[in-house]
Each structure stands twice: as C-alpha cells, then as structure tokens.
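In the numbering used here, the protein residues as written are 660 to 784.
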C-alpha cells in the first residue's frame, strides 16, 4: 500500500522515499535516531528531501492525503518520528551561508552544530 501511495511523490521530488517494503533501508532509517524511544516507532515512510522544493511538495502531499508529518534533523527529539506518519528527513539540507559583512548566516534545516561551527570558523567568528 505504501509503495503505491508514494509513487507519485517519488517521481515529483529529487529525494528518495524509504518505506517498509525495503526492510533493510527502512530499519536503517529507524535505527539512525539518537533517541532510543524512536527505534520502536514505525513511520509510514521516510522522505529524504534534497531541498526546499522537495519539502514543499512533501508537505502538500501529506495534507492532500491527510497524513501526519514529522521533521527529522538530528534524531534526538522524540517528535521526529511517529507511527504511521511521514518523516521528512532534512539531513541532506545542511548548507550554511555566512554573510561576514553583515554578520548573518542562512542555515538550512538539516545543518548540525558542526556544520555551523565550520562555516563560521572560515570567517573567524
């Protein structure tokens, strides 16, 4: 059922969708969470987005099909996974753009502290 449901979205986004039909990949997604509570949860799918357009399309897809969505970044929160929900995985969206002159940064949702520190360090912040 999940494969059929997600086939249109998978063709519409640049990222990848992992469902329980690919047992090995699915278990890897569940188990990569740092929070052990999440390892007992069984989301409907993991949508590994490649950019903000993928995020928009996935959110619209979830709304259209009345599916709950969770956002996954580092996997530390108990809210990043839920049974029968669609997990929007931002982990590939980790770019950090620093405007040294204005002392500002644009940080994508998947960026970790190490990504931010590295980008800021290049500008002696």
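Each residue gets a CB set at the ideal place from its N, CA and C atoms; glycine is no exception.
Open item on the list: For a test of the three-state rule: what should DSSP assign to residue 751, helix, strand or coil?
Closed with: Of the three classes helix, strand and coil, the one that applies to residue 751 here is coil, per DSSP.
Open item on the list: I need the straight-line Cα distance from residue 779 to residue 767, nearest angstrom please.
Closed with: Between residue 779 and residue 767, the C-alpha separation is close to 14 Å.
Task: Contained alpha helix (DSSP H) runs [length at least 4] in the stretch 710-764, N- to C-terminal order - done: Contiguous alpha helix (DSSP H) elements confined to the stretch 710-764 occur at 711-723, taking only those with 4 or more residues.
TODO: Out of 740, 757 and 783, point me to the one whose CA is closest to residue 697's CA.
DONE: When only C-alpha atoms are compared, the closest one is 740.
TODO: Hey, could you find the ends of the alpha helix (DSSP H) residue 708 is sitting in?
DONE: No alpha helix (DSSP H) holds residue 708; DSSP gives it neither H nor E.
Open item on the list: Please identify the residue among 692, 711 and 703 whose C-alpha is closest to the C-alpha of residue 673.
Closed with: When each option's Cα is compared against that of residue 673, the closest is 711.
Task: Neighbourhood of residue 749 by C-beta, 6 Å cutoff - its chain only, sequence neighbours within 5 removed - done: Result list for residue 749: 732, 768 and 769, in chain order.
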